[in-house]
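S.K.: Before anything else, here's the structure in question.
Number of protein chains: 2
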Amino acid sequence: MARRPTVDPSKDLFMQVLRPLVETYFAFIRRDDPHIRSLGLTPSQFDVIATLGDTEGMTCKELSEKTLVTKGTLTGVLDRLERKSLIERVPSREDRRCTLIRLTPKGDARFREVFPAHIEYMKPHFQRALTTAEASKLRELLLRLKESFERT
Amino acid sequence: MARRPTVDPSKDLFMQVLRPLVETYFAFIRRDDPHIRSLGLTPSQFDVIATLGDTEGMTCKELSEKTLVTKGTLTGVLDRLERKSLIERVPSREDRRCTLIRLTPKGDARFREVFPAHIEYMKPHFQRALTTAEASKLRELLLRLKESFERT
DNA sequence: CTAGAATGGTACTAACTAGAACTATTGTCA
DNA sequence: TGACAATAGTTCTAGTTAGTACCATTCTAG
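Protein sequences appear in the order of chains U and S.
Just so we're aligned, residue 1 is where the first sequence starts under the numbering used here, counting upward by one.
Just so we're aligned, residue 1001 is where the second sequence starts under the numbering used here, counting upward by one.
This is the structure we're talking about:
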């Protein structure tokens, strides 16, 4: 029986890394996301709060580089955080194009409450899966792969 | 000078895996996404087409399990694919709750054109970063971590 | 010192996201 | 067989996504 040729690259080495990478990230998110939401923040909002914590504030540019939120998206995220009085936008003196974003006292309090709680929640999931040596091996291999994706 | 205690768990072993995991995934997406879009599909649409390729079709339920698209989101994705005549919804005979989703001939042609092209585009990024042994080590560690996130 | 390039932030679009609520259908077990 | 739970798919909401276009401001090179 002649069979139409199929498209099945599942034997490819790299497909065997691609799926686990994506699936591990998703498994992480499905664990991480609901916990963050239960703390009253969305993941992007948490990312911003965590990045601003323990700093004197930074511009949108810096913030979008340090977080994984692009600057177009950041506007909306900051709008919602501002509405909740967790951050404030202060026009910069030196460069009038810039806005300094920083935590309000309320935002700082929220940071101190939510950030350690979330770390403690996630930590056991890493610790029970990997030894210290395995974790640093994983870290190294991931960073090599990341670097390869970023190279032109 | 007394300094307010800061919240800095960057020394935690697991934080050293968390960031690379997320950043590698993002680096992957930033490479993967524009190429898929240049082929005329969104990533979710591609995921669906790739999953339906070389099958006789499947229900929304199955599709949402095999892809990384949840069933609520799937409805909209399928609507758009149906509008492009790449998939069709066939009501199931046996179970009238179910709908069979399958590629149209046009969808099948698109699959055969787009899927191998995308694989070839992404492959070198993996190959230049990792040896075969490293890739399987990475795969193993990722799967262990994934399993840990999924465990209760 | 001024024209043109670069930069910072916002506005907009189409699509996607999880999650919850809803309808219709099917399975179960008492 | 009849109530009740489970399942399939859709709808809805609030928020996020990348990307592009846009405006104001600032830098730079002639």
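Backbone N, C-alpha and C fix where the C-beta goes; we use that ideal spot for every residue, glycine too.
Just so it is clear, the structure is predicted and the values come from calculations on it, not from any experiment.
Starting from U/Val-22, find everything on chain S with Cβ-Cβ shorter than 8 Å and list it in chain order.
M.R.: The sequence position of residue 22 of chain U within the first sequence is 22, counting from 1. Going along chain S in sequence order, the residues near U/Val-22 (Cβ under 8 Å) are Tyr-1025, Phe-1028, Leu-1068.
S.K.: Any heavy atom of the ligand HEM closer than 8 Å to the beta-carbon of S/Val-1114?
M.R.: As presented, the structure is devoid of all ligands, the ligand HEM included, so that no description of it is given.
S.K.: Beta-carbon within less than 7 Å of S/Arg-1003's beta-carbon, same chain only, minus the 5 sequence neighbours each way: which residues are those?
M.R.: One-based indexing of the second sequence puts residue 1003 of chain S at position 3. Caution is warranted here: a pLDDT of 47 is assigned to S/Arg-1003, below 50, making its placement in the model unreliable, and the coordinate value is therefore given only provisionally. The answer is none, since no qualifying residue turns up.
S.K.: Tell me S/Pro-1091's beta-bridge partners as DSSP assigns them.
M.R.: As a first step, residue 1091 of chain S is located in the second sequence; it is residue number 91 there, counting from the start. Bridge partners of S/Pro-1091: S/Thr-1099.
S.K.: Is it true that the segment 97-110 of chain U meets the segment 12-20 of chain U, where meeting means three or more beta-carbon pairs spaced less than 8 Å apart?
M.R.: No contact exists between the segment 97-110 of chain U and the segment 12-20 of chain U.
S.K.: Does the beta carbon of U/Arg-37 come closer than 9 Å to any beta carbon on chain S?
M.R.: Within the first sequence, the letter at position 37 stands for residue 37 of chain U. So, not an interface residue.
S.K.: Mind listing which residues of the segment 117-148 of chain U have their C-beta closer than 8 Å to chain S's C-betas, in chain order?
M.R.: Within the segment 117-148 of chain U, the qualifying residues are Ile-119, Met-122, Lys-123, His-125, Phe-126, Gln-127, Arg-128, Ala-129, Leu-130, Thr-132, Glu-134, Ala-135, Ser-136, Lys-137, Leu-138, Arg-139, Leu-141, Leu-142, Leu-143, Arg-144, Leu-145, Lys-146, Glu-147, Ser-148.
S.K.: To which residues does DSSP link U/Met-15 through a beta bridge?
M.R.: For the purposes of this step, residue 15 of chain U is identified with residue 15 of the first sequence, where counting begins at 1. BP columns for U/Met-15 are empty, so no partner.
S.K.: Determine, for U/Ala-2, whether the minimum Cβ-Cβ distance to residues of chain S falls below 9 Å.
M.R.: For the purposes of this step, residue 2 of chain U is taken as the residue at position 2 of the first sequence. Only weak support exists for where U/Ala-2 lies, its pLDDT of 46 falling under 50; the value from the coordinates is given anyway. No, because no Cβ of chain S sits closer than 9 Å to the Cβ of U/Ala-2.
S.K.: At the level of alpha carbons, what is the spacing between U/Glu-147 and S/Leu-1078?
M.R.: Counted from its first residue, the first sequence places residue 147 of chain U at position 147. Counted from its first residue, the second sequence places residue 1078 of chain S at position 78. Distance between the alpha carbons of U/Glu-147 and S/Leu-1078 is about 34 Å.
S.K.: Residue range of the alpha helix (DSSP H) that U/Ala-135 falls in?
M.R.: Sequence index remark: in the first sequence, residue 135 of chain U carries index 135 (1-based). Start and end: 132-150.
S.K.: Are the C-beta atoms of U/Glu-150 and some chain S residue less than 9 Å apart?
M.R.: The residue labelled residue 150 of chain U in the question sits at position 150 within the first sequence. Taking Cβ atoms only, chain S reaches closer than 9 Å to U/Glu-150, which makes this a yes.
S.K.: Counting only beta-carbon atoms, is S/Gln-1045 nearer than 9 Å to chain U?
M.R.: The residue labelled residue 1045 of chain S in the question sits at position 45 within the second sequence. With 9 Å as the cut-off, S/Gln-1045 does not count as an interface residue toward chain U.
S.K.: Please report the distance separating the alpha-carbon of U/His-35 from that of U/Glu-88.
M.R.: Along the first sequence, read from residue 1 onward, the residue named residue 35 of chain U stands at position 35. Along the first sequence, read from residue 1 onward, the residue named residue 88 of chain U stands at position 88. So the alpha carbons of these two residues sit roughly 25 Å apart.
S.K.: Between the alpha carbons of U/Leu-68 and S/Arg-1031, how many angstroms are there, rounded?
M.R.: The residue you call residue 68 of chain U lines up with position 68 of the first sequence. The residue you call residue 1031 of chain S lines up with position 31 of the second sequence. Cα to Cα, U/Leu-68 sits roughly 15 Å from S/Arg-1031.
S.K.: What does DSSP give as the partner residue(s) for U/Met-122 in the beta ladder?
M.R.: Taking the first residue of the first sequence as 1, we reach residue 122 of chain U at position 122. Looking at the DSSP assignment, U/Met-122 forms no beta bridge with any residue, so it has no partner.
S.K.: Establish whether the CB of S/Leu-1018 and some CB of chain U are separated by less than 9 Å.
M.R.: Sequence index remark: in the second sequence, residue 1018 of chain S carries index 18 (1-based). Answer yes: the Cβ-Cβ gap between S/Leu-1018 and chain U drops below 9 Å somewhere.
S.K.: Please check if any C-beta of chain S sits within less than 9 Å of the C-beta of U/Leu-13.
M.R.: Reading the first sequence from its first residue, position 13 is the one you call residue 13 of chain U. Answer yes: the Cβ-Cβ gap between U/Leu-13 and chain S drops below 9 Å somewhere.
S.K.: Using a Cβ-Cβ distance under 9 Å, would U/Arg-31 count as near chain S?
M.R.: Here residue 31 of chain U is taken as the residue at index 31 of the first sequence, counted from 1. By this cut-off, U/Arg-31 is an interface position.
S.K.: Answer with yes or no whether the minimum CB distance from S/Gly-1040 to chain U is below 9 Å.
M.R.: Translated into the one-based positions of the second sequence, residue 1040 of chain S becomes position 40. By this cut-off, S/Gly-1040 is not an interface position.
S.K.: Could you check if U/Thr-131 is buried or exposed, using at least 16 other CB atoms within 10 Å of its CB as the buried criterion?
M.R.: Within the first sequence, numbered from 1, the residue matching residue 131 of chain U stands at position 131. The residue in question, U/Thr-131, is exposed, as its Cβ has fewer than 16 Cβ neighbours within 10 Å.
S.K.: Got a sec? Which residues, its chain only, sit under 8 Å from U/Met-1 by beta carbon, not counting five neighbours each side?
M.R.: Mapped onto the first sequence, residue 1 of chain U falls at position 1. Since pLDDT at U/Met-1 reaches only 46, below the 50 mark, its modelled position is unreliable, and the value read off the structure follows with that caveat. Cβ within range, chain order: n/a, list empty.
S.K.: Within 10 Å of its beta-carbon, does U/Val-90 have 16 or more other beta-carbons around it, so buried, or fewer, so exposed?
M.R.: Translated into positions along the first sequence, residue 90 of chain U becomes position 90. U/Val-90 comes out exposed.
S.K.: Considering only C-alpha positions, which residue in the set S/Asp-1054, S/Leu-1018, S/Met-1058, S/Pro-1043 is nearest to S/Phe-1111?
M.R.: Within the second sequence, numbered from 1, the residue matching residue 1111 of chain S stands at position 111. Nearest option by C-alpha distance: S/Asp-1054.
S.K.: With distances taken Cα to Cα, identify the nearest neighbour of S/Ser-1085 among S/His-1118, S/Ile-1119, S/Ala-1117, S/Leu-1041.
M.R.: Taking the first residue of the second sequence as 1, we reach residue 1085 of chain S at position 85. Per the Cα distances, S/Leu-1041.
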